[in-house]
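In the numbering used here, the protein residues as written are 195 to 511.
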């Protein structure tokens, strides 16, 4: 799920095998649904807001026109399902993570060249069917590196690769059993990741050393992290049915949390930083004003039964 530039529209994907664009003011779907052949697990929006890049369980990456909702490009040949997608800051490159442990860096143009195809994880020799999965990808703010979170039967790691050379810069071992997600700080000097015991960790992006102690507060698995547009706050979604906020410099919690009725799987900030959008297993997308905003917090909550409902027909956003 991601906001389009301007903050008035939102794009979401669902296990109902659709990608939809919503007006965040009234909760109505705009136009027809975009229909990949399977669940699109990864979404990314270009800086101008005119294109959406998606990838999913059908092993294909598609480029969609935001106004017509038509697919205008498609790449095949991936050996695994697509789990994660990110665009470089200048939209020149895409990073694609799949269910066979591949991290693919490719040009964002017709017949674009694959810059690197990296085997980010190793298959466990004792369990040949347990392939590694690249579950999260994120370009550094300067576009020179890409971070990814990789899981396998053998290990869970956060890895950072140099875009120019394709070489591994750092690798951080994290405890198994987490739902790994990784994001960069706005200056590129830190990485933030989910960690064990329902915590969040901050890392030095050059040395891989932990910074401070893990951030505690959640009582179940942390599923997603999001950085505010000004880089000062982090939002975390969790299976404890909450979204929590943190000071990105100190790791201190911002006490007011957002309570949901069911596990929260995704959270993202609006371009202004005033709102977050969240989604989970209850067929709903919620729009919340962040607790520190000067105006009184309000929540926009859509779950009408008709075809304009956000998340209609979905099992999970």
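In this text, a Cβ means the ideal position worked out from N, Cα and C, and glycines have one as well.
Note that this is a predicted model, so its numbers are computed, not measured.
Residue 137 to residue 278, Cα distance in whole Å?
A question about residue 137 goes unanswered here, because the residues of the chain that appear run from 195 up to 511.
Bridge partners for residue 179 per DSSP, in chain order?
The displayed coordinates of the chain run from 195 to 511. Any statement about residue 179 would go beyond what the structure contains.
Need the endpoints of the beta strand (DSSP E) that residue 310 sits in, please.
Here residue 310 refers to the residue found at position 116 when the chain shown is read from its first residue. The continuous beta strand (DSSP E) containing residue 310 extends over residues 308-313.
Whose C-beta lies closer than 8 Å to the C-beta of residue 303 among residues of the same chain, with five residues either side of it excluded?
Taking the chain shown and counting its residues from 1, one reaches residue 303 at position 109. The answer is none, since no qualifying residue turns up.
For the structure I just gave you, are there three or more beta carbon pairs, one from the segment 355-365 and one from the segment 377-384, closer than 8 Å?
Result no; under three Cβ-Cβ pairs closer than 8 Å.
Identified DSSP bridge partners for residue 332:
Here residue 332 refers to the residue found at position 138 of the chain shown. Bridge partners of residue 332: 341.
Drop a sphere of 10 angstroms on the beta-carbon of residue 391, count the other beta-carbons inside from all chains shown, and report buried for 16 or more, exposed for fewer.
Your numbering for residue 391 matches position 197 in the chain shown. Using a 10 angstroms sphere on the CB of residue 391, the tally of other CB atoms stays under 16, which defines it as exposed.
Please determine, among 353, 256, 389, the residue with the shortest C-alpha to C-alpha distance to residue 514.
There is simply no residue 514 to check, as the chain begins at 195 and stops at 511 in what is shown.
Is it buried or exposed for residue 242, if we count other Cβ within 10 angstroms and need 16 for buried?
Mapped onto the chain shown, residue 242 falls at position 48. In this structure residue 242 is exposed. Its beta-carbon is surrounded by fewer than 16 other beta-carbon atoms within 10 angstroms.
Under the three-state reduction of DSSP, which class applies to residue 197: helix, strand or coil?
The residue labelled residue 197 in the question sits at position 3 within the chain shown. Residue state, collapsed to three classes: strand.
Where residue 200 falls, given that 16 or more other Cβ within 10 Å makes a residue buried:
Taking the first residue of the chain shown as 1, we reach residue 200 at position 6. By the neighbour-count criterion, in which 16 or more other beta carbons inside 10 Å mark a residue as buried, residue 200 falls on the exposed side.
Quick one, are the C-beta atoms of residue 240 and residue 285 less than 8 Å apart?
Here residue 240 refers to the residue found at position 46 when the chain shown is read from its first residue. Here residue 285 refers to the residue found at position 91 when the chain shown is read from its first residue. Yes, Cβ-Cβ distance for residue 240 and residue 285 is below 8 Å.
From residue 357 to residue 386, what does the alpha carbon distance come to, in whole angstroms?
On the chain shown, residue 357 is found 163 positions in, with the first residue counted as 1. On the chain shown, residue 386 is found 192 positions in, with the first residue counted as 1. Rounded to the nearest whole angstrom, the CA to CA distance from residue 357 to residue 386 is 20 Å.
Tell me the DSSP secondary structure of residue 426 in three-state form.
For this step, residue 426 is matched to residue 232 along the chain shown. In this structure, residue 426 counts as coil in the three-state DSSP scheme.
At what residues does the beta strand (DSSP E) containing residue 420 begin and finish?
For the purposes of this step, residue 420 is taken as residue 226 along the chain shown, with counting starting at 1. For residue 420, the enclosing beta strand (DSSP E) starts and ends at 416-421.
Kindly list the residues whose CB is nearer than 7 Å to the CB of residue 462, restricted to its own chain and excluding five residues on each side of it in sequence; keep chain order.
As a first step, residue 462 is located in the chain shown; it is residue number 268 there, counting from the start. If we look at residue 462 and ignore the five residues flanking it on each side, its Cβ neighbours are 195, 196, 197, 420, 470, 471.
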